[in-house]
Amino acid sequence: MKTLENLIKIIFGVKNTPYIMNKLSLSKNIFLGYVSGKIIVSAIVGLCVYVILLVTGTPYAALSAILLGIGNMIPYVGSIFGGIVAFFLILLVAPIKTLILLIAIIISQLVDGFIVGPRIIGNKVGLNTFWVIVSMIIFGNLFGIVGMFLGIPILSIIKLFYVDLLKAKQRGEK
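In the working numbering, each number is its position in the sequence shown, counted from 1, plus 1112.
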């Protein structure tokens, strides 16, 4: 951190260093909050799938839930890959139970995408639900899977600078 601070002093000057270091610290907290929020949401998705599969007596309920929970860390695509693996595992043992798995996946993804995910992640990074969804759409379209994963914290960091610029304009500063 001291080396980074020294580089910032060289590039931006001593006067601007505290401001930039503060914004870097806040950005780090946003990214850590985002990752911890994704872990919480993924655990909820896995738990949702586990409960549905356990209640219905579907084999490999725990393994399927773990696959879908871990896969949920990667937006959209991860759940698909985890679901495919779980689908084939259940297909080998009880083919009719694959329908229950598909229903469990749909329910868990709806809960994740519209209820739990935007609220938890939005609270962790300081964005409301609307902006969480908007950031995933915009950054996902611009940068694909990486944009979907990093769009929320990037928009939150942009918001940090936006708020500072707005406050400076209101005070009449340049």
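From the three backbone atoms N, C-alpha and C, an ideal C-beta is built for every residue, glycine too.
Neighbourhood of K1236 by C-beta distance below 7 angstroms, restricted to the same chain and skipping five residues each side:
In the sequence shown, counting from the first residue as 1, residue 1236 sits at position 124. The residues are G1145, Y1146, S1148, G1149.
Backbone secondary structure at Y1162 - three-state DSSP:
Locating residue 1162 in the sequence shown gives position 50, counting from the first residue. In the displayed model, Y1162 falls within a helix according to three-state DSSP.
With a cut-off of 8 angstroms, do at least 3 Cβ pairs link the stretch 1152-1172 to the stretch 1201-1221?
The answer is yes - the stretch 1201-1221 touches the stretch 1152-1172, with three or more Cβ pairs under 8 angstroms.
Looking at the secondary structure, which residues open and close the alpha helix (DSSP H) in which Y1274 lies?
The residue you call residue 1274 lines up with position 162 of the sequence shown. Here the alpha helix (DSSP H) through Y1274 covers 1241-1283.
In three-state terms, what does DSSP make of K1114?
Your numbering for residue 1114 matches position 2 in the sequence shown. Reduced to three states, the DSSP call for K1114 is helix.
Which residue marks the beginning of the alpha helix (DSSP H) containing G1183, and which one marks its end?
Counting from 1 along the sequence shown, the entry for residue 1183 is found at position 71. Run containing G1183: 1173-1183, per the alpha helix (DSSP H) assignment.
Is it the case that the Cβ atoms of L1165 and S1220 are separated by a distance below 8 angstroms?
By one-based count along the sequence shown, residue 1165 stands at place 53. By one-based count along the sequence shown, residue 1220 stands at place 108. In this structure, S1220 does not lie closer than 8 angstroms to L1165 by Cβ.
Which residue comes first and which comes last in the alpha helix (DSSP H) that contains G1194?
Your numbering for residue 1194 matches position 82 in the sequence shown. It spans 1189-1205 - the alpha helix (DSSP H) in which G1194 sits, taken as one unbroken run.
Measuring only the C-alpha atoms, how far is G1195 from S1176?
In the sequence shown, the residue the question calls residue 1195 occupies position 83. In the sequence shown, the residue the question calls residue 1176 occupies position 64. Straight-line spacing of the CA atoms in G1195 and S1176 works out to 7 angstroms.
V1237 lies in the alpha helix (DSSP H); which residues open and close that run?
The sequence position of residue 1237 within the sequence shown is 125, counting from 1. Note, V1237: alpha helix (DSSP H), 1229-1237.
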